[in-house]
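One structure is given here, and the rest of the page talks about it.
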Amino acid sequence: MRAGIEVAMSAIRLLVLGAVRQHGRAHGYQVRNDLEFWGAHEWSNAKPGSIYHALKQMDKQGLLRAHDIAPSTAGGPPRTEYELTPAGEEEYFRLLRAALAQRDPKTDLLSAGIGFIVDLPRDEAVALLKERVRALAEWRTTVTSYYTPEGGPGQLGHIGEIMHMWVHAADSGAEWTRGLIERIEGGAYVFAGEGEPFVGVLADGQENPYAPRDAARAPEAADGEDGPDDAD
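As structure tokens, this is what we get:
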């Protein structure tokens, strides 16, 4: 259970650091808006409480630097904008590399890593993905050391379906990763140092067409003290 919590925390930290980094400086509502625009609230723990909690926590940890700016036109306390510190930049790339290289079957950290993969040089991205393929192969070997896929899941009763699922996850994960490697090696996408990358963030105040219904509120109202302290 602890490992699952750590993966979820790593995913939200990577998402928040990456969103702030793409803006240079961003306030909490911008980060939330971007993550909802990417659909991260559907496949990760990127809920409002988690986002604002991560911002404040990483500010305290020295990964982000907070700046109070003028109050919004709606009144209330000053907005807080955040930017990455050198330590935050280092942590961002550490999390990004781990997300791409590890074989963890959970999709939130991998999805976050793919979302920011072009922040790396092309050759490094390929090398990390190849490491993921090797890790998946090792995992498959571990599973098949006590489960023979050719014998079918029934050999272990209904519990065999778990092993069958793991083998399938390893095979499909490796197949997908090899396809991505092939596309990247073939010149797909714009990576670090190659020119202007694809921009996937919303301008400040730009309406998010994919925002959840409960998020349809004015940015000024959402950002006074940058949300609750507790993560969802």
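Residue numbers (this note's numbering): 3 to 234. Even for Gly, the Cβ is constructed at its ideal location relative to N, Cα and C. Since the structure is predicted, the reported quantities are computational estimates derived from the model, not experimental observations.
- THR150 carries a coil assignment under DSSP once its states are collapsed to helix, strand and coil.
- For the pair of segments examined, the segment 114-121 was found not to touch the segment 135-147: the number of CB pairs separated by less than 8 Å stays below three.
- The C-beta separation of ARG15 from LEU97 comes to about 6 Å, placing the pair in contact by the 8 Å criterion.
- Closest in C-alpha terms to TYR31, from the list PRO50, LEU19, GLU187, ARG67, comes PRO50.
- Under DSSP, GLU85 takes part in a beta bridge, and its partners are ARG67.
- LYS58 counts as buried, since no fewer than 16 other beta carbons sit within 10 angstroms of its beta carbon.
- Setting aside the 5 residues that flank it on each side, GLY162 is surrounded in the same chain by TYR149, GLY154, PRO155, GLY156, each with a C-beta closer than 8 Å to its C-beta; the list follows chain order.
- At a Cβ-Cβ threshold of 8 Å, TYR191 and VAL120 count as neighbours.
- Looking at the DSSP output, GLY156 bridges to nothing.
- It is roughly 14 Å from the alpha-carbon of GLU196 to the alpha-carbon of GLU187.
- Counting the other Cβ atoms within 10 Å of the Cβ of GLN104 gives 16 or more, which makes it buried.
- A distance of 8 Å or more separates the beta carbons of HIS69 and THR87.
- ARG99 and ARG136 have their C-alpha atoms spaced approximately 15 Å apart.
- In the assembly as shown, SER174 is an exposed residue. Its beta-carbon has fewer than 16 other beta-carbons within 10 Å.
- Contact between LEU130 and ALA176 fails: their C-beta atoms lie close to 14 Å from each other, not under 8 Å.
- Cβ-Cβ distances below 6 Å link PRO151 to VAL169 in the same chain, with the five nearest sequence neighbours on each side left out; the list follows chain order.
- In the three-state reduction of the DSSP assignment, ALA48 falls in the coil class.
- Rounded to the nearest whole angstrom, the C-alpha separation of ILE164 and HIS43 is 27 Å.
- For ILE116, the uninterrupted alpha helix (DSSP H) run begins and ends at 109-117, by DSSP.
- Residue pairing from DSSP places HIS29 in a beta bridge opposite GLU83.
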